[in-house]
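Notes for the one structure printed next.
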Amino acid sequence: EPCVPGSRPRRVVIVPEGVPLSLPGRADKLRAIANAGGRVIALGKASRDLARAAHLPVEEAAVEPASLPGVIFRTEFAGTGPPDPILWGFLSPPAVFCAGGPLWKAPGDATGAVPSRVEPIVFINRDVPLACGILPGSSAPAIGGSVPLLRVKEGGQGGEWILFGCSPHYRAWTLGTFRLLFNAVLAP
Numbered sequence: 031e032p033c034v035p036g037s038r039p040r041r042v043v044i045v046p047e048g049v050p051l052s053l054p055g056r057a058d059k060l061r062a063i064a065n066a067g068g069r070v071i072a073l074g075k076a077s078r079d080l081a082r083a084a085h086l087p088v089e090e091a092a093v094e095p096a097s098l099p100g101v102i103f104r105t106e107f108a109g110t111g112p113p114d115p116i117l118w119g120f121l122s123p124p125a126v127f128c129a130g131g132p133l134w135k136a137p138g139d140a141t142g143a144v145p146s147r148v149e150p151i152v153f154i155n156r157d158v159p160l161a162c163g164i165l166p167g168s169s170a171p172a173i174g175g176s177v178p179l180l181r182v183k184e185g186g187q188g189g190e191w192i193l194f195g196c197s198p199h200y201r202a203w204t205l206g207t208f209r210l211l212f213n214a215v216l217a218p
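Using our numbering, the first residue of the sequence shown is number 31, and each one after it goes up by one.
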């Protein structure tokens with residue numbers, strides 16, 4: 031049964047790190063799930079592999095993965111409308127842990143128009159991005175305003191890809207962000 035009255039059940043697939051997405055047909059099967067109204071959730075480094083394999087319209091920020099050996103970033107909510115269901119229960123933007131996973135460029139073109147398929151959920155804080163850890167100076171300019179968590183809409187039946195460049199479940203339990211993963215699975 032759906033968890034929100036009036037919503038319909040949704041097929042959800044979680045793609046963890048280490049899943050070989052380059053195998054023939056694997057990305058096509060995941061796209062079929064998203065096209066049919068399902069939700070495909072990729073975690074950490076798997077989100078980079080999935081974005082490439084499925085040819086999603088996202089671009090990584092110019093940050094070397096090796097420069098993110100395990101850092102905690104401050105974030106800002108994206109958008110000004112009602113809170114995204116993935117952010118339910120967060121009164122303030124969550125700090126996110128990144129360990130080699132991708133950060134994406136904020137979607138948009140020179141005019142600031144955002145492709146309708148791509149929706150940032152949180153941005154890395156532009157003013158003071160680092161909450162904890164060490165960040166090489168060469169990576170700092172690309173990180174502020176980049177996107178560690180986003181949604182890419184797929185098909186006409188409400189399907190979507192949820193890409194976590196951060197690790198909401200680092201070492202199986204991160205209290206500050208585990209709710210993001212639960213919400214991604216359970217939200218309408």
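Glycine included, each C-beta is placed from N, C-alpha and C at the ideal position. Since the model is a prediction, treat every value here as computed from it, not as a measurement.
Supposed contact pair residue j and residue i - C-beta distance, whole angstroms, cut 8 Å
{"i": "Leu51", "j": "Phe103", "result": "25 Å between Cβ atoms; not a contact."}
{"i": "Ile154", "j": "Ile173", "result": "5 Å"}
{"i": "Val101", "j": "Gly163", "result": "3 Å"}
{"i": "Leu219", "j": "Val148", "result": "This structure cannot speak to residue 219, because the chain is shown only from 31 to 218."}
{"i": "Gly84", "j": "Ala108", "result": "Sequence inspection shows Ala at residue 84; the Gly mentioned does not correspond to that position. Actually they are not in contact, since the Cβ atoms of Ala84 and Ala108 sit about 22 Å apart, beyond 8 Å."}
Cut-off 6 Å between Cβ atoms - residues of its own chain near residue i, not counting five sequence neighbours on either side
{"i": "Ala140", "result": "In this prediction, Ala140 scores a pLDDT of 49, lower than 50, which makes its location untrustworthy; the coordinate-derived value is nonetheless stated afterwards. Correct list: empty, nothing qualifies."}
{"i": "Leu133", "result": "Ala91, Val93, Ser176, Pro178, Gly195"}
{"i": "Gly74", "result": "Glu47, Gly131, Ser197"}
{"i": "Ala214", "result": "Ile71, Ile116, Ile192"}
{"i": "Tyr200", "result": "Phe127"}
{"i": "Gly188", "result": "Gly67"}
Cβ neighbours of residue i in the same chain (closer than 7 Å, five flanking residues each side left out)
{"i": "Ala92", "result": "Ala172"}
{"i": "Ala81", "result": "Val88, Leu193"}
{"i": "Val49", "result": "Ala76"}
{"i": "Gly206", "result": "Pro124, Ala125"}
{"i": "Val42", "result": "Gly68, Arg69, Ile71, Val215"}
{"i": "Leu86", "result": "Val182, Trp191"}
{"i": "Glu106", "result": "Pro123, Val152, Phe153, Asn155"}
Cβ-based neighbour list, residue i, same chain, cut-off 8 Å, excluding 5 preceding and 5 following
{"i": "Pro32", "result": "Only weak support is given to the placement of Pro32: the predicted model assigns it a pLDDT of 47, under 50, and the value that follows is read from those uncertain coordinates. Contacts found: Arg38, Pro39, Arg40, Pro218."}
Start-to-end residues for the alpha helix (DSSP H) that takes in residue i
{"i": "Arg56", "result": "56-65"}
Run of the beta strand (DSSP E) containing residue i, from where it starts to where it stops
{"i": "Val70", "result": "69-73"}
{"i": "Ile44", "result": "42-45"}
{"i": "Phe153", "result": "148-154"}
{"i": "Val220", "result": "This structure does not reach residue 220, given that the chain is present from 31 up to 218, and the question cannot be answered."}
Residue i Cβ short of 7 Å to the ligand NAD heavy atom set
{"i": "Phe194", "result": "Absent from the structure shown: the ligand NAD. Ligands present: none."}
**Report entry** beta strand (DSSP E) segments (min. 3 residues) lying fully within the region 190-217
**Finding:** The region 190-217 contains no complete beta strand (DSSP E) run of 3 or more residues.
Requested in this report: Inspect the CB distances between the region 119-127 and the region 62-70 and report whether three or more fall short of 8 Å.
Outcome: no
Query raised in the report: Are at least three pairs of beta-carbons, each pair with one atom in the region 114-121 and one in the region 203-218, less than 8 Å apart?
Result: yes
Report task. Quick one: which unbroken beta strand (DSSP E) runs of 3-plus residues sit fully inside the region 77-111? Chain order, please. Result -> 101-103, 105-107
Query - Ranges of the beta strand (DSSP E) found wholly within the region 162-187, counting only runs of at least 3 - result: 179-184
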